[in-house]
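Peer 1: Pasting a structure below so you can have a look.
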Amino acid sequence: MIPEHVSFILDRLRRAGHRAYPVGGCVRDSLRGVTPHDWDVCTSARPEQIEQVFSERPQIDAGRKHGTIAVIVDHTPVEITTFRADGAYLDNRHPTQVTFLTELEGDLSRRDFTINAMALDEDERPIDLFGGRQDLENRLIRTVGDPNTRFAEDGLRILRGLRFASQLDFTIEPITARAMREGRALLQNISAERVFSELKGILVGPAAARILRDYSSVFFTILPELAPMEGFWQHSPYHDSDVWEHTLRSVAASPEELVYRLALLFHDCGKPACFFRDEKGIGHFYGHPQRSREMAETALRRLKCDSDTRERVLYLVEKHDTWLPDTEKGMARLLLKEGADRLKDLLIIERCDALAHAPAARGSALANVERWAALLNSLLQKQPCLSLHDLAVSGKDLLALGMAPGPQVGALLNQMLELTAEGALPNERDTLLAFARTQI
Ligand code: ATP
Ligand code: MG
Numbered sequence: 059m060i061p062e063h064v065s066f067i068l069d070r071l072r073r074a075g076h077r078a079y080p081v082g083g084c085v086r087d088s089l090r091g092v093t094p095h096d097w098d099v100c101t102s103a104r105p106e107q108i109e110q111v112f113s114e115r116p117q118i119d120a121g122r123k124h125g126t127i128a129v130i131v132d133h134t135p136v137e138i139t140t141f142r143a144d145g146a147y148l149d150n151r152h153p154t155q156v157t158f159l160t161e162l163e164g165d166l167s168r169r170d171f172t173i174n175a176m177a178l179d180e181d182e183r184p185i186d187l188f189g190g191r192q193d194l195e196n197r198l199i200r201t202v203g204d205p206n207t208r209f210a211e212d213g214l215r216i217l218r219g220l221r222f223a224s225q226l227d228f229t230i231e232p233i234t235a236r237a238m239r240e241g242r243a244l245l246q247n248i249s250a251e252r253v254f255s256e257l258k259g260i261l262v263g264p265a266a267a268r269i270l271r272d273y274s275s276v277f278f279t280i281l282p283e284l285a286p287m288e289g290f291w292q293h294s295p296y297h298d299s300d301v302w303e304h305t306l307r308s309v310a311a312s313p314e315e316l317v318y319r320l321a322l323l324f325h326d327c328g329k330p331a332c333f334f335r336d337e338k339g340i341g342h343f344y345g346h347p348q349r350s351r352e353m354a355e356t357a358l359r360r361l362k363c364d365s366d367t368r369e370r371v372l373y374l375v376e377k378h379d380t381w382l383p384d385t386e387k388g389m390a391r392l393l394l395k396e397g398a399d400r401l402k403d404l405l406i407i408e409r410c411d412a413l414a415h416a417p418a419a420r421g422s423a424l425a426n427v428e429r430w431a432a433l434l435n436s437l438l439q440k441q442p443c444l445s446l447h448d449l450a451v452s453g454k455d456l457l458a459l460g461m462a463p464g465p466q467v468g469a470l471l472n473q474m475l476e477l478t479a480e481g482a483l484p485n486e487r488d489t490l491l492a493f494a495r496t497q498i
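59 is the number of the first residue of the sequence shown in the numbering used here; add one for each residue after it.
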């Protein structure tokens with residue numbers, strides 16, 4: 059099943075007297091019966107030899123000093139990497155130098171997990187030196203070699219392993235799992251960008267909640283803001299779990315999309331700091347959404363999350379506990395203020411939050427969300443005018459009616475916009491002009 063453009067690369071290298079194999083993720087995915095999203099090739103050819111073999115083709119330096127050159131075939135870049143061993147890792151981050159090798163074996167043994175350490179031979183049969191097929195069969199993540207050593211070389215592998223487990227819904231082999239927990243402090247040496255990139259992959263995986271639950275200590279190392287939730291009992295009729303378990307259930311209930319999952323991960327992290335018990339012994343968390351927002355902001359900035367994602371997440375964290383309007387008029391005003399996308403997102407968050415409540419409290423919380431969702435949908439069905447730009451009259455029209463220029467023009471336009479959004483006035487020019495005349 060090797061695609062044409064990859065076969066082309068393999069043939070060329072082999073005809074020039076080098077060895078060349080598809081390797082890594084593409085082998086793993088083809089063996090799983092999934093179409094690989096890209097194909098990486100490893101070869102005995104040195105970088106300058108790769109350049110020479112493909113001299114007539116466009117190439118990209120994809121890390122030449124580590125042996126990687128991307129060659130473009132049929133508009134698709136394919137990364138070709140010289141067999142290599144990684145030198146000593148002095149800072150748990152980067153190999154200080156790489157050594158180019160002449161044999162495949164050394165290249166496979168530097169790779170992180172057994173399922174990622176296979177190549178395909180000339181007959182497209184797997185070359186599997188570390189039991190990767192067996193682990194794939196058993197749905198297991200296991201390091202190539204001793205996990206403590208491998209994580210000490212590169213701490214990011216801990217998160218990579220959790221990411222593969224979450225994405226593939228695999229379990230982690232016990233010795234590897236123990237080394238992940240024991241080695242979690244190694245993550246402190248890894249750049250925020252690399253950490254966040256893996257965290258994103260973990261969060262959008264189908265097994266995200268399970269991985270967060272089973273490896274909470276690892277996550278609390280990179281997100282200390284989350285730690286107080288674990289074991290924090292709520293003393294509330296709405297909840298039958300600690301704040302962390304409630305959080306994980308809400309994550310499990312949500313679509314596999316980053317913004318929702320981040321928002322749910324943080325939505326209640328401010329609760330422990332806002333906890334108080336009334337005279338009846340019932341727990342309350344007044345002000346926790348704002349507190350959660352502040353903590354989420356600190357965490358997302360530290361992780362160098364892009365500002366668009368961050369702002370969407372923070373909005374949802376802050377508003378997750380909002381009681382939405384029950385009248386068409388109120389909902390229309392909110393719609394005008396926030397826009398349809400934000401409100402739809404907010405309803406998704408509130409629904410997931412509701413689903414994670416104690417069974418006795420779940421029904422009424424869900425009923426609220428469904429009522430608001432129905433109200434919003436019925437409003438949107440009417441395609442309300444939601445911006446001055448779409449309003450059937452403009453400031454010019456009002457001036458033509460004899461209105462004096464000034465802020466009152468904008469105020470009247472906004473008033474008409476609200477009335478049309480609420481359905482009190484149709485967005486029709488004549489009706490709006492008639493209304494305007496009564497106001498001037
Ligand atoms: P994906 O489908 O997520 O791209 P992948 O297996 O292709 O999965 P990459 O991050 O693209 O993952 O890396 C390609 C290959 O390089 C891996 O399969 C693995 O063999 C090796 N690799 C990548 N990062 C590391 C690392 N930090 N330590 C050891 N080997 C690694
Ligand atoms: Mg890849």
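For glycine and all other residues, C-beta sits at the position ideal for the given N, C-alpha and C. These figures come from a predicted structure and were not determined experimentally.
Bridge partners for residue 98 per DSSP, in chain order?
Peer 2: If you number the sequence shown from 1, residue 98 lands on position 40. Note: residue 98 sits in a beta bridge opposite 81, 137.
Peer 1: Can you give the Cα-Cα distance for residue 376 and residue 327, rounded to whole angstroms?
Peer 2: Mapped onto the sequence shown, residue 376 falls at position 318. Mapped onto the sequence shown, residue 327 falls at position 269. Approximately 11 angstroms, taken between the alpha carbons.
Peer 1: Please confirm whether any heavy atom of the ligand MG lies closer than 7 angstroms to the CB of residue 83.
Peer 2: As a position in the sequence shown, residue 83 is number 25, starting the count at 1. Result yes, Cβ under 7 angstroms from the ligand MG.
Peer 1: Return helix, strand or coil for residue 381, following the three-state DSSP convention.
Peer 2: Here residue 381 is taken as the residue at index 323 of the sequence shown, counted from 1. Residue 381: coil per DSSP, three-state reduction.
Peer 1: Give the list of continuous alpha helix (DSSP H) stretches no shorter than 4 residues that lie fully inside the region 296-358.
Peer 2: Fully enclosed alpha helix (DSSP H) runs of 4 or longer: 301-311, 316-324, 329-332.
Peer 1: Confirm, please, whether the CB-CB distance from residue 245 to residue 199 is below 8 angstroms.
Peer 2: Taking the first residue of the sequence shown as 1, we reach residue 199 at position 141. Taking the first residue of the sequence shown as 1, we reach residue 245 at position 187. Against a cut-off of 8 angstroms, the Cβ pair of residue 245 and residue 199 comes out as no contact.
Peer 1: Shorter than 7 angstroms, the distance from the beta carbon of residue 143 to the closest heavy atom of the ligand ATP, or not?
Peer 2: If you number the sequence shown from 1, residue 143 lands on position 85. Answer for residue 143: no, Cβ out of range of the ligand ATP.
Peer 1: Alpha helix (DSSP H) containing residue 478: first to last residue?
Peer 2: Here residue 478 is taken as the residue at index 420 of the sequence shown, counted from 1. It spans 465-480 - the alpha helix (DSSP H) in which residue 478 sits, taken as one unbroken run.
Peer 1: If I measure Cβ to Cβ from residue 243 and keep anything under 7 angstroms in the same chain, skipping five residues before and after, which residues do I get?
Peer 2: To locate residue 243, count along the sequence shown from 1; it is residue 185. The answer, listed in chain order, is 279.
Peer 1: Please report the Cβ distance between residue 275 and residue 341, rounded to the nearest whole angstrom; I am assuming they are in contact, meaning their Cβ atoms lie under 8 angstroms.
Peer 2: In the sequence shown, residue 275 corresponds to position 217, counting from 1. In the sequence shown, residue 341 corresponds to position 283, counting from 1. Not a contact, Cβ separation roughly 25 angstroms.
Peer 1: Cα-Cα, which of 228, 298, 416, 194 is closest to residue 268?
Peer 2: Within the sequence shown, residue 268 is the residue found at index 210, counting from 1. It is 228.
Peer 1: How is the alpha helix (DSSP H) around residue 207 delimited, first residue to last?
Peer 2: Here residue 207 refers to the residue found at position 149 when the sequence shown is read from its first residue. From DSSP, the alpha helix (DSSP H) with residue 207 extends over 205-211.
Peer 1: Rounded to whole angstroms, what is the Cα-Cα separation between residue 91 and residue 475?
Peer 2: Position 33 of the sequence shown, counted from the start, is the residue given in the question as residue 91. Position 417 of the sequence shown, counted from the start, is the residue given in the question as residue 475. Cα to Cα, the separation comes out at about 54 angstroms.
Peer 1: Does DSSP put residue 449 in a helix, a strand or coil?
Peer 2: Within the sequence shown, residue 449 is the residue found at index 391, counting from 1. Correct three-state label for residue 449: coil.
Peer 1: Rounding to the nearest angstrom, what Cα-Cα distance links residue 144 and residue 102 in this structure?
Peer 2: Against the sequence shown, residue 144 aligns to sequence position 86. Against the sequence shown, residue 102 aligns to sequence position 44. Looking at the two C-alpha atoms, the distance is approximately 15 angstroms.
Peer 1: Cα separation between residue 115 and residue 359?
Peer 2: Reading the sequence shown from its first residue, position 57 is the one you call residue 115. Reading the sequence shown from its first residue, position 301 is the one you call residue 359. In a straight line, the C-alpha of residue 115 is about 41 angstroms away from that of residue 359.
Peer 1: With hydrogens ignored, establish whether the beta-carbon of residue 175 is closer than 7 angstroms to any heavy atom of the ligand ATP.
Peer 2: Here residue 175 refers to the residue found at position 117 when the sequence shown is read from its first residue. Yes - the ligand ATP has a heavy atom lying nearer than 7 angstroms to the Cβ of residue 175.
Peer 1: Taking the Cβ atom as the reference point for each residue, do residue 175 and residue 158 lie within a distance shorter than 8 angstroms?
Peer 2: Residue numbering aside, residue 175 sits at position 117 when the sequence shown is read from its first letter. Residue numbering aside, residue 158 sits at position 100 when the sequence shown is read from its first letter. Contact flag unset, no.
Peer 1: Just to confirm before moving on: does the CB-CB distance between residue 450 and residue 393 stay below 8 angstroms?
Peer 2: Mapped onto the sequence shown, residue 450 falls at position 392. Mapped onto the sequence shown, residue 393 falls at position 335. The answer is no: Cβ separation not under 8 angstroms.
Peer 1: Rounded to whole angstroms, what is the Cα-Cα separation between residue 403 and residue 262?
Peer 2: Start at 1 with the first residue of the sequence shown, and residue 403 comes out as number 345. Start at 1 with the first residue of the sequence shown, and residue 262 comes out as number 204. Approximately 16 angstroms between the Cα atoms of the pair.
Peer 1: Would you mind working out which of 127, 463, 379, 477 sits nearest residue 446, comparing C-alpha positions?
Peer 2: As a working mapping, residue 446 is identified with position 388 in the sequence shown. That would be 477, whose Cα lies nearest to the Cα of residue 446.
Peer 1: Output the distance between the C-alpha atoms of residue 218 and residue 71, rounded to the nearest integer angstrom.
Peer 2: Residue 218 sits at position 160 when you count from the first residue of the sequence shown. Residue 71 sits at position 13 when you count from the first residue of the sequence shown. If you take the alpha carbons of residue 218 and residue 71, they lie about 31 angstroms apart.
Peer 1: Does the beta-carbon of residue 96, which I'm using as the reference point, lie nearer than 7 angstroms to any heavy atom of the ligand MG?
Peer 2: Working through the sequence shown from its first residue, we reach residue 96 at position 38. Within the cutoff, so yes.
Peer 1: Residue 329 to residue 356, Cα distance in whole Å?
Peer 2: Counting from one through the sequence shown, the residue named residue 329 turns up at place 271. Counting from one through the sequence shown, the residue named residue 356 turns up at place 298. Going by the C-alpha atoms only, they are around 16 angstroms apart.
Peer 1: Using 7 angstroms as the cut-off, classify the Cβ of residue 218 as near or not near the heavy atoms of the ligand ATP, replying yes or no.
Peer 2: Walking along the sequence shown from the start, residue 218 turns up at place 160. Yes, the beta carbon of residue 218 sits closer than 7 angstroms to at least one heavy atom of the ligand ATP.
Peer 1: For the putative contact between residue 427 and residue 370, defined by C-beta atoms under 8 angstroms, what is the C-beta separation to the nearest angstrom?
Peer 2: Reading the sequence shown from its first residue, position 369 is the one you call residue 427. Reading the sequence shown from its first residue, position 312 is the one you call residue 370. The pair is not a contact, with the Cβ atoms about 19 angstroms apart (cut-off 8 angstroms).
Peer 1: Please report the straight-line C-alpha distance between residue 466 and residue 452, rounded to a whole angstrom.
Peer 2: Locating residue 466 in the sequence shown gives position 408, counting from the first residue. Locating residue 452 in the sequence shown gives position 394, counting from the first residue. Distance between the alpha carbons of residue 466 and residue 452 is about 13 angstroms.
Peer 1: Looking only at its chain, what residues have a beta carbon closer than 8 angstroms to the beta carbon of residue 390, apart from the 5 residues adjacent to it on each side?
Peer 2: The count along the sequence shown starts at 1 and reaches residue 390 at position 332. Excluding positions up to five away in sequence, the list reads 437, 442, 476, 479, 480, 481.
Peer 1: Should residue 364 be labelled buried (16 or more other beta-carbon atoms within 10 Å of its own) or exposed?
Peer 2: Sequence index remark: in the sequence shown, residue 364 carries index 306 (1-based). So residue 364 ends up on the exposed side.
Peer 1: For residue 487, which residues from the same chain have a beta carbon less than 7 angstroms from its beta carbon, with the 5 sequence-adjacent residues on both sides left out?
Peer 2: Start at 1 with the first residue of the sequence shown, and residue 487 comes out as number 429. Closer than 7 angstroms at the Cβ level, and outside the excluded window around residue 487, lie 450, 451.
Peer 1: In three-state DSSP terms, what is residue 154?
Peer 2: Start at 1 with the first residue of the sequence shown, and residue 154 comes out as number 96. Coil, per DSSP.
Peer 1: Are the region 75-89 and the region 114-129 touching by the rule of at least three beta carbon pairs closer than 8 angstroms?
Peer 2: Cβ pair count under 8 angstroms is below three, so no.
Peer 1: Any idea what DSSP makes of residue 461, helix, strand or coil?
Peer 2: Residue numbering aside, residue 461 sits at position 403 when the sequence shown is read from its first letter. Of the three classes helix, strand and coil, the one that applies to residue 461 here is coil, per DSSP.
Peer 1: Quick check: what's the CA-CA separation for residue 361 versus residue 349?
Peer 2: One-based indexing of the sequence shown puts residue 361 at position 303. One-based indexing of the sequence shown puts residue 349 at position 291. So the two alpha carbons sit approximately 19 angstroms from each other.
Peer 1: Got a sec? Which residues, its chain only, sit under 7 angstroms from residue 68 by beta carbon, not counting five neighbours each side?
Peer 2: Here residue 68 is taken as the residue at index 10 of the sequence shown, counted from 1. Here the set comprises 78, 99.
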